[in-house]
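To convert, count from 1 in the sequence shown and add 81; that's my numbering.
No residue lacks a Cβ here, since even glycine has one placed at the ideal position from N, Cα and C.
Quick caveat, the model's predicted, so the values are computed rather than measured.
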Amino acid sequence: MLPDIESVLSPISIDDLILISAGMMLAGFVRGFVGFGASLIIVMVVSVALGPLLAVPIAALSGLPPMIQLLPTAVKYSEKTFVLPFGIAALIAAPFGTWLLVTLEPTIVKIFISGFVLAMVYVLYKDWRLPNLSDLPTLIAVGATAGVIQGAAGVGGPPAVVIALSRSSTTERQRANVIGAVTTLNISSLMPLWYHGLFTEEVLIITLILLPFHVGSTWLGAKFFLRFGHAFFRNGALIILATLSISTLVIAFLSY
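See below:
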């Protein structure tokens, strides 16, 4: 039986609750607009208030409704030769990442992840075309890496975004590839998190309370893309990726 809401929320300060709510809304808008970044924001914000063992499963559950909202776009426009190898590799590798989450200190891992993502943002900003990113072994390797990162820290999206944006394609297809990859990452983390008992009553209640803010802002972000996406998608994705990576890096160093 679930505990009452008051007993779950009473240990959380008003400031932390406002911070988490704002983070969930920002995460939803970003997810709706560029197709990724929600888990990064949720994990960062919720970790500050509640710790990573609550933040990662809350991010995983919060991603389910937006995933359903955006899935038709991924199915219609994404490249199956990109999404399927990436997704299958992520599904296989994610349990190892979740094992790391419950056994190791994730701070050092986040530092390395953030540094790697910043380097990739610079490469994309300079519009360098990275060679051999479309071959099957590379997609499998990146998918497996992203799956481990997703399982360990809930932030496996950046490697997928880097690969998707480096491929020559239309804005719609790039965004759909990102959505497809992020969807598989979100699915890949669910079973391992459940197996390790991280979907606690506290996680379920907090997620249900905050979910309307997240779903509503995801809808707004998707509408914003339809109106302004062609002009701002690539630069918006890079700015968000860089900002989140720097923020994660700073928070990781401060907590180390």
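As the crow flies, the alpha-carbon of residue 329 is around 6 Å from that of residue 195. Residue burial annotation: residue 308 is exposed, with fewer than 16 other C-beta atoms found within 10 angstroms of its C-beta. Using a C-beta cut-off of 8 Å, the segment 279-299 makes contact with the segment 138-149, since at least three inter-stretch Cβ pairs fall below that distance. Contact annotation, residue 178 with residue 230: C-beta distance approximately 6 Å; criterion of less than 8 Å satisfied. Linking residue 123 to residue 286 through their CA atoms gives a straight-line distance of about 16 Å. Within the model, the alpha-carbon separation for residue 152 versus residue 96 is close to 34 Å.
Out of 103, 293, 156, 171, the CA that lies nearest to the CA of residue 241 is found in 171. The beta carbons of residue 163 and residue 306 sit about 20 Å from each other, so the pair does not count as a contact at 8 Å.
Around residue 253, the same chain offers 158 as residues with beta carbons nearer than 7 Å, after the five sequence neighbours per side are excluded. Nearest neighbour of residue 299 by Cα position, chosen from 100, 107, 91, turns out to be 107. Here the alpha carbon of residue 93 sits roughly 8 Å from the alpha carbon of residue 130. For residue 316, the number of other beta carbons within 10 angstroms of its own is below 16, and it is reported as exposed. The residue from 199, 154, 233, 197 with its alpha-carbon nearest to that of residue 274 is 233.
In this structure, DSSP gives residue 167 a helical state, which the three-state scheme calls helix. Across the structure, residue 142 and residue 185 are spaced so that their CA atoms are roughly 22 Å apart. An exposed status is given to residue 289, since fewer than 16 other beta-carbon atoms sit within 10 Å of its beta-carbon. Spanning the alpha carbons of residue 258 and residue 249 requires a straight line of approximately 12 Å. Annotation for residue 92: no alpha helix (DSSP H) segment contains it, and DSSP assigns it neither H nor E. Excluding residues up to 5 positions away in sequence, 102, 105, 106, 109 lie with their Cβ nearer than 8 Å to the Cβ of residue 294 in the same chain.
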